[in-house]
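Visitor: In our numbering, the protein residues as written are 5 to 199.
1) By how many angstroms is the C-alpha of residue 66 removed from the C-alpha of residue 108?
2) With distances taken Cα to Cα, identify the nearest neighbour of residue 142 among 150, 134, 149 and 156.
3) Which residues share a DSSP beta bridge with residue 17?
4) Just to confirm the assignment, what range does the alpha helix (DSSP H) spanning residue 6 have?
5) Excluding the 5 residues flanking residue 181 on each side, which residues of the same chain have their C-beta closer than 7 angstroms to its C-beta?
6) Is the Cβ-Cβ distance between residue 20 and residue 42 less than 8 angstroms?
7) Taking the alpha-carbon of residue 124 as reference, which of 30, 134, 151 and 138 has the nearest alpha-carbon?
8) Measuring alpha carbon to alpha carbon, tell me which of 17, 10, 129 and 88 ends up nearest residue 169.
9) Would you mind sorting residue 71 into buried or exposed? The rule is 16 or more other CB atoms within 10 Å of its CB.
10) Report the residue from 26, 150 and 186 whose alpha carbon sits nearest the alpha carbon of residue 177.
11) Rounded to whole angstroms, what's the CA-CA distance from residue 33 to residue 27? Just pull it up for me.
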């Protein structure tokens, strides 16, 4: 029904935003995790590039803030589809060629099926390093005092990587900055080229 044949390759993409937790658990204030959210618009370039390389792209998720902006029939906004179901979520994650996950707990599903995974994380301590099939990209840690992004060694040696609350990060004079569309596209292309 989505227009794929048995031979078509596809990539799944899930992008964390505040809507899921706010919908499922409305009694709790989740703003302490705002720095972990992403804007789906920053993934359009990636989706379009993957289509150029012969892939369909399924935008996954449940309770998302906005649709993925694309008129391309090979970019499927499955998160907002009437065909979405819990079973289909598992099926797509198990059958995809590669899975791109931006700070969502759903990464565990393609991980269990040993699918190549692009993990875009915040905080840095969420890095998954248990397989050579996992590529990792972290959001940037911008120091307001130094007026630049911190290096990996600065983040790790000062224990900033373990900060997991927005207020703690702000108290350290830091801002967690989302990756550019080009950075996201580059790591997705690297994952596909490795295949």
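Each residue gets a CB set at the ideal place from its N, CA and C atoms; glycine is no exception.
Guide: According to the data block:
1) The residue you call residue 108 lines up with position 104 of the chain shown. The residue you call residue 66 lines up with position 62 of the chain shown. Straight-line Cα distance between these residues: approximately 11 angstroms.
2) For the purposes of this step, residue 142 is identified with residue 138 of the chain shown, where counting begins at 1. Closest option to residue 142, Cα to Cα, is 156.
3) Here residue 17 refers to the residue found at position 13 when the chain shown is read from its first residue. In DSSP, residue 17 forms a bridge with 63 and 104.
4) Here residue 6 refers to the residue found at position 2 when the chain shown is read from its first residue. For residue 6, no alpha helix (DSSP H) segment is defined, and its DSSP state is neither H nor E.
5) Start at 1 with the first residue of the chain shown, and residue 181 comes out as number 177. Listed in chain order, the non-local C-beta contacts of residue 181 below 7 angstroms within the same chain comprise 143, 144 and 146, local neighbours out to five positions each way being set aside.
6) Residue mapping note: residue 20 aligns to position 16 of the chain shown, counting from 1. Residue mapping note: residue 42 aligns to position 38 of the chain shown, counting from 1. Against a cut-off of 8 angstroms, the Cβ pair of residue 42 and residue 20 comes out as a contact.
7) Mapped onto the chain shown, residue 124 falls at position 120. Of 30, 134, 151 and 138, the smallest CA-CA separation from residue 124 is found for 138.
8) Translated into the one-based positions of the chain shown, residue 169 becomes position 165. Among 17, 10, 129 and 88, the Cα nearest to that of residue 169 belongs to 129.
9) The residue labelled residue 71 in the question sits at position 67 within the chain shown. Of the other Cβ atoms in all chains shown, fewer than 16 fall within 10 Å of the Cβ of residue 71; this residue is therefore exposed.
10) If you number the chain shown from 1, residue 177 lands on position 173. Residue 150 is the option with its Cα nearest to residue 177.
11) In the chain shown, the residue the question calls residue 33 occupies position 29. In the chain shown, the residue the question calls residue 27 occupies position 23. Residue 33 and residue 27: Cα-Cα distance of roughly 11 angstroms.
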